[in-house]
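**Q** My structure is below; once you've seen it, I'll send some questions.
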Amino acid sequence: MLSAVQSGANFILHSAGFLDGLLSMSYEKFVMDTDLCGALHAYLNGLTVDEDSLGVESLRVGGPGEHLFGTPHTMSHYETAYWDSSLNDDAPYETWHENGAEDALSRANRQWKQTLAEYQAPPLDETINQALLDFMAERKASMPDSWF
Numbered sequence: 008m009l010s011a012v013q014s015g016a017n018f019i020l021h022s023a024g025f026l027d028g029l030l031s032m033s034y035e036k037f038v039m040d041t042d043l044c045g046a047l048h049a050y051l052n053g054l055t056v057d058e059d060s061l062g063v064e065s066l067r068v069g070g071p072g073e074h075l076f077g078t079p080h081t082m083s084h085y086e087t088a089y090w091d092s093s094l095n096d097d098a099p100y101e102t103w104h105e106n107g108a109e110d111a112l113s114r115a116n117r118q119w120k121q122t123l124a125e126y127q128a129p130p131l132d133e134t135i136n137q138a139l140l141d142f143m144a145e146r147k148a149s150m151p152d153s154w155f
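Each residue of the sequence shown is one higher than the one before, counting from 8 in our numbering.
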């Protein structure tokens with residue numbers, strides 16, 4: 008996908024979950040791929056280079072050789088300055104290991120199951136829903152040799 012977006016693609020139809028040349032799919036891979044798509048969206052936003060993004064004022068406050076974690080500039084930007092994965096585990100290795108060493112596949116498995124468990128279908132007018140059901144029944148009836 009990175010090659011595609013760097014080449015100018017802005018719509019990639021089969022970008023998540025597909026395996027084996029589109030012959031199968033995986034919910035875990037879907038979650039991991041959509042996580043990557045989120046990173047690519049942030050990547051495509053590019054970089055803003057101005058006094059605020061460079062943190063020039065923070066440099067003036069802290070001075071050379073000082074950390075900038077406590078400056079007002081850092082505090083106002085630290086939650087939005089970078090794309091944050093919902094799947095990645097940023098804990099140090101020792102902490103990750105002590106907490107069970109859960110890999111990305113296991114986190115993705117838990118995430119898709121949680122997403123489906125919490126899903127609520129958007130409201131749909133009952134008249135529209137019935138019209139859609141009738142349309143599907145009519146189409147199926149018009150194809151007697153089909154498998155559905």
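C-beta: ideal position from N, C-alpha, C; glycine also.
It should be emphasised that the depicted structure is a prediction, and the values quoted were computed from it without experimental measurement.
Leaving aside the five residues before and after G62 along the sequence, list all residues of the same chain whose C-beta is less than 6 angstroms from its C-beta, in chain order.
**A** Within the same chain, G62 has close Cβ partners H80.
**Q** Quick one: grab the DSSP three-state call for L54.
**A** L54: coil per DSSP, three-state reduction.
**Q** To which residues of the same chain is V38 closer than 6 angstroms at the C-beta, ignoring the five residues directly before and after it?
**A** Result list for V38: A115, Q118 and W119, in chain order.
**Q** Checking 7 angstroms against the spacing of the C-beta atoms, do D40 and G28 come in under that value?
**A** Taking 7 angstroms as the Cβ cut-off, D40 and G28 do not qualify as a contacting pair.
**Q** Does the beta-carbon of S60 have 16 or more other beta-carbons within 10 angstroms, so that it is buried, or is it exposed?
**A** With fewer than 16 other Cβ atoms within 10 Å, it is exposed.
**Q** Taking M150 as part of the alpha helix (DSSP H), name the residues at either end of that continuous run.
**A** First-last for M150: undefined, no H or E at that position.
**Q** Grab me the residues of A49's own chain with a C-beta within less than 7 angstroms of its C-beta, minus the 5 sequence neighbours each way, in chain order.
**A** The residues are W90.
**Q** State yes or no: is the C-beta of S65 within less than 7 angstroms of the C-beta of L54?
**A** Their beta carbons are not under 7 angstroms apart, which means S65 does not touch L54 by this criterion.
**Q** Just verifying my parser: in three-state terms, what is the DSSP assignment at S31?
**A** Three-state DSSP puts S31 in a strand.
**Q** Could you tell me which uninterrupted alpha helix (DSSP H) segments, each at least 4 residues in length, are contained entirely in the stretch 48–117, listed from first to last along the chain?
**A** Complete alpha helix (DSSP H) runs here, min 4: 58–61, 63–69, 79–84 and 100–105.
**Q** How many Å lie between I19 and D96 at the Cα?
**A** The straight-line gap from Cα to Cα measures roughly 27 angstroms.
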